[in-house]
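To get this note's numbering, take the position in the sequence shown, counting from 1, and add 2.
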Amino acid sequence: MAELKHIRNFAIIAHIDHGKSTLADRLIQRCSAVETREFRDQILDSMDIERERGITIKAQTVRLSYTARDGILYELNLIDTPGHVDFAYEVSRSLAACEGSLLVVDATQGVEAQTLANVYQAIENDHTIIPVINKIDLPAADPDRVKTQIFDVIGLDATDAVLISAKTGEGIDDVLEAIVARLPPPTTDLEKPLRALLIDSWYDAYLGVVALVRVKEETLAAGMKIKMMATGAVYQVDEVGCFTPKPKPLSELAPGEIGYITAGIKSVRDARVGDTLTSEKNPASTPLPGFKSSIPVVFCSFFPADASNYGRLREGLEKLQLNDASFSFEPESSAALGFGFRCGFLGLLHLEVAEERLEREYNLDLVMTAPSVIYKVHLTNEDVIDLHNPADMPNAGCIMCIEEPWIRATILVPDEHLGNVLTLCQERRGEQVDLTYAGGRAMVVYRLPLNEIVFDFYDRLKSISRGYASFDYQRDIYQQGDLVKVSILVNGEPVDALATILHQDTAETRGRALCERLKELIPRHLFKIPIQAAIGAKVIARETIPALRKDVTAKCYGGDITRKRKLLEKQKEGKKRMREIGQVHIPQSAFLAALKTGKE
């Protein structure tokens with residue numbers, strides 16, 4: 003076990019695709035933590051979805067042993083964090099467990115929006131930050147320009163930034179030396195009783211709940227009785243250990259160390275992320291400062307395609323919530339879709355990943371509703387209600403006004419794409435706050451309504467800027483808007499899952515686009531299907547899916563025309579009856595595809 007002064011806890015932070023996971027791979031290889039035959043790229047990205055999409059979703063930790071140039075053996079606890087704005091909560095939790103950060107910046111692309119957001123989080127946590135400029139082996143690399151940009155945009159002195167190529171392994175030794183020389187060791191108070199911060203937890207079918215902890219004071223050992231300070235639950239520790247990156251059991255976790263514990267914890271609710279663990283015999287009086295609880299910004303309902311799977315869906319959501327503390331859910335029911343759950347997410351990518359994990363890991367077939375945000379509805383009787391689901395909107399006569407959430411977005415974009423970005427923000431009812439130039443690129447700050455960016459804003463931004471624009475946002479205030487509920491009726495029946503709340507100015511255009519999209523997506527039936535978009539009782543758009551025509555006269559070879567007429571009349575009667583009782587089947591793919599109605 004290393005002495006406290008020879009321990010370094012650090013996180014790797016960066017914008018998406020700037021090389022965090024590749025740098026983590028090289029550090030693991032250099033410290034010989036994994037045998038060559040067992041090594042694979044993105045070794046810390048353990049989920050199939052992470053490997054397929056090439057993104058990090060869960061922050062992962064690994065303990066490395068490094069012998070420095072002066073011959074001293076150091077213990078390095080590395081946490082690889084996600085780069086996407088939807089997983090910023092994972093980053094904030096990881097930073098609370100460390101004393102320093104490696105800020106990785108791409109030598110070709112420079113500082114991006116998420117680089118800024120992550121640096122500010124690290125500064126809030128009083129981190130020592132080491133700038134690392136990656137991808138210096140590329141022909142377009144310009145490390146000097148990036149150093150200047152880091153100073154101009156972030157205000158961080160980058161003259162002694164470490165230059166590396168994580169792909170080729172160039173400069174990795176310099177990174178390790180910078181970690182041991184520049185980052186501070188953890189500190190502890192020997193007088194205080196045991197306190198350990200619960201950074202993350204996940205469910206294991208054999209061990210129950212596994213908790214990842216950072217020990218602040220005292221020593222955490224197997225066989226001890228521990229108490230969760232938030233819930234008061236008491237457990238006996240079965241095993242403590244660390245990840246190398248495989249789980250490795252240890253006799254104890256000393257102050258300053260990061261590792262895992264198992265204690266036969268059965269209940270998901272007893273292992274709350276951000277909670278403090280203490281000793282049952284000699285409990286601490288005050289918990290450690292946890293994390294700010296995350297506030298969901300996008301809401302969406304999940305219903306099982308087969309109603310008998312409701313119990314399995316609940317179980318899947320509970321286990322997912324344990325693994326992802328920024329996700330929340332509550333039961334709800336719908337006339338069209340039966341019983342399901344209203345779920346809260348930090349963004350659309352977060353929603354997609356959660357849906358994919360439920361379908362893969364719990365083998366569920368799901369029906370999703372349109373994502374929406376929380377509106378504040380002021381009623382005429384002076385009550386204020388939070389509206390999560392457009393289908394629950396009160397009658398127009400009871401509403402005095404509706405307020406919608408706004409965000410403050412920061413977009414970094416090269417000059418040649420600035421015009422397109424400004425046009426997109428104006429289309430989405432944006433208000434420009436600031437426009438500055440930093441390091442040869444424009445930095446635009448806009449206030450935008452959150453419901454305008456929920457669907458396809460990020461996709462559109464990437465396509466109009468050829469992938470060069472980067473985007474980050476913070477919550478702003480609620481603001482009154484001229485909003486209306488647009489209902490979609492298929493064959494005269496309202497479809498809850500497609501009801502949306504839109505601004506009066508865009509409601510008609512979006513309603514028409516939604517009807518046109520549904521006409522392409524819903525398969526033809528044996529009867530005509532009208533698709534309508536309506537605001538209250540007023541229909542604002544309509545499309546009709548023509549009936550599939552069966553050739554009932556195929557069996558008539560010649561003969562009198564009246565025979566054919568008789569068969570056609572009979573068919574007409576049948577279709578009329580079918581239209582009265584016919585059920586329209588809307589495929590699941592139609593729900594999400596219909597929402598992406600932005601101009602291509």
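Glycine included, each C-beta is placed from N, C-alpha and C at the ideal position.
Of the listed residues the options, nearest to residue i (C-alpha basis)
{"i": "Pro133", "options": "Ala143, Asp139 and Gly102", "result": "Gly102"}
{"i": "Ala124", "options": "Glu179, Gly112, Lys22 and Ile14", "result": "Ile14"}
{"i": "Asp175", "options": "Ser374, Ser34 and Val148", "result": "Ser34"}
{"i": "Leu118", "options": "Ala70, Leu450 and Met445", "result": "Met445"}
{"i": "Gly276", "options": "Leu199, Glu172, Val64 and Ile490", "result": "Leu199"}
{"i": "Leu485", "options": "Thr511, Glu406 and Ile563", "result": "Glu406"}
{"i": "Ile401", "options": "Arg519, Phe329, Glu384 and Gln116", "result": "Glu384"}
{"i": "Ala109", "options": "His20, Asp128, Asp27 and Ala183", "result": "His20"}
{"i": "Gln506", "options": "Tyr68, Ile537 and Asp436", "result": "Ile537"}
{"i": "Arg28", "options": "Leu104, His17 and Lys169", "result": "Lys169"}
{"i": "Glu282", "options": "Lys530, Lys574, Lys229 and Tyr439", "result": "Lys229"}
{"i": "Glu205", "options": "Lys250, Lys378, Glu518 and Ile267", "result": "Note that residue 205 is Tyr in the sequence shown here, rather than Glu. When each option's Cα is compared against that of Tyr205, the closest is Ile267."}
{"i": "Arg183", "options": "Asn120, Lys7, Leu209 and Ile135", "result": "Position check: residue 183 holds Ala in this sequence, whereas Arg was assumed. It is Lys7."}
{"i": "Pro247", "options": "Tyr460, Ser330, Ser67 and Glu361", "result": "Ser67"}
{"i": "Pro257", "options": "Ala223, Pro285 and Thr288", "result": "Ala223"}
{"i": "Val93", "options": "Ile30, Ile18, Glu219 and Gln111", "result": "Ile18"}
{"i": "Gly669", "options": "Thr278, Val379 and Thr189", "result": "No statement about residue 669 is possible, as the shown extent of the chain runs from 3 to 602 and does not include it."}
Exposure of residue i, with buried meaning 16 or more beta-carbon neighbours within 10 Å
{"i": "Ser335", "result": "exposed"}
{"i": "Arg344", "result": "buried"}
{"i": "Ala543", "result": "buried"}
{"i": "Ala253", "result": "A small correction: the amino acid at residue 253 is Ser; Ala does not occupy that position in the sequence shown. That one is exposed."}
{"i": "Lys540", "result": "exposed"}
{"i": "Asp82", "result": "buried"}
{"i": "Ala207", "result": "exposed"}
{"i": "Val217", "result": "buried"}
{"i": "Asp47", "result": "Reliability of the predicted coordinates at Asp47 is poor, the pLDDT of 47 falling under 50, and the value obtained from them is presented with this limitation in mind. Label assigned to Asp47: buried."}
{"i": "Met370", "result": "buried"}
{"i": "Ile9", "result": "buried"}
{"i": "Gly494", "result": "exposed"}
{"i": "Tyr448", "result": "buried"}
{"i": "Ile563", "result": "exposed"}
{"i": "Glu52", "result": "Confidence at Glu52 is low in this model, with a pLDDT of 46, below 50, so the placement of that residue is unreliable and no value is reported for it."}
{"i": "Thr511", "result": "exposed"}
{"i": "Gly157", "result": "exposed"}
{"i": "Met231", "result": "buried"}
{"i": "Pro373", "result": "buried"}
{"i": "Lys137", "result": "buried"}
{"i": "Glu5", "result": "exposed"}
{"i": "Thr382", "result": "exposed"}
{"i": "Val492", "result": "buried"}
{"i": "Lys601", "result": "Residue placement at Lys601 is flagged as unreliable, the pLDDT there being 42, under the threshold of 50; a coordinate-derived value is accordingly withheld."}
Anticipated Cβ contact below 8 angstroms, residue i with residue j, distance rounded
{"i": "Ser203", "j": "Leu196", "result": "At roughly 18 angstroms, the Cβ-Cβ gap does not stay under 8 angstroms, so Ser203 and Leu196 are not in contact."}
{"i": "Ile1", "j": "Lys487", "result": "Nothing about residue 1 can be read from this structure; the chain reaches only from 3 to 602."}
{"i": "Val386", "j": "Leu353", "result": "About 27 angstroms; that fails the 8 angstroms criterion."}
{"i": "Asp139", "j": "Ser167", "result": "4 angstroms"}
{"i": "Cys100", "j": "Phe245", "result": "Rounded, the Cβ-Cβ distance is 15 angstroms, inconsistent with contact."}
{"i": "Glu454", "j": "Arg431", "result": "6 angstroms"}
{"i": "Leu78", "j": "Thr130", "result": "With 8 angstroms as the limit, Leu78 and Thr130 do not qualify as a contact, their Cβ atoms being about 14 angstroms apart."}
{"i": "Gly346", "j": "Ala309", "result": "Wrong, their Cβ atoms sit about 23 angstroms apart, outside the cutoff."}
{"i": "Thr233", "j": "Asp272", "result": "5 angstroms"}
{"i": "Pro298", "j": "Leu350", "result": "12 angstroms between Cβ atoms; not a contact."}
Any C-beta of chain B under 9 angstroms from that of residue i
{"i": "Ala471", "result": "You won't find chain B in this structure, because it holds only one protein chain."}
Where are the alpha helix (DSSP H) runs, 4 residues long or more, that stay fully inside the region 407-460, in chain order? If we require 4 residues or more, the alpha helix (DSSP H) runs fully inside the region 407-460 come out as 420-429 and 452-455.
Measuring CB atoms only, is the region 257-269 touching the region 226-244, in the sense that at least three cross pairs come out at less than 8 angstroms? yes
Any contact of the region 469-482 with the region 399-417, i.e. 3+ C-beta pairs under 8 angstroms? Touching, yes, given that three or more Cβ pairs across the two stretches are closer than 8 angstroms.
Would you say the region 148-155 touches the region 174-186, given that touching needs at least three Cβ pairs under 8 angstroms? no
So, do the region 312-323 and the region 363-370 have three or more beta carbon pairs nearer to each other than 8 angstroms? yes
Enumerated in chain order, which unbroken segments of the alpha helix (DSSP H) with a length of 4 residues or greater are wholly contained in the region 304-373? Within the region 304-373, the complete alpha helix (DSSP H) runs of at least 4 residues are 312-325 and 350-363.
Any 3 or more C-beta pairs closer than 8 angstroms across the region 524-541 and the region 421-441: no
Entirely enclosed alpha helix (DSSP H) segments - the region 99-130, minimum 4 residues: 115-126
I'd like the ranges of any alpha helix (DSSP H) spanning at least 4 consecutive residues and lying wholly in the region 205-267. Fully enclosed alpha helix (DSSP H) runs of 4 or longer: not present.
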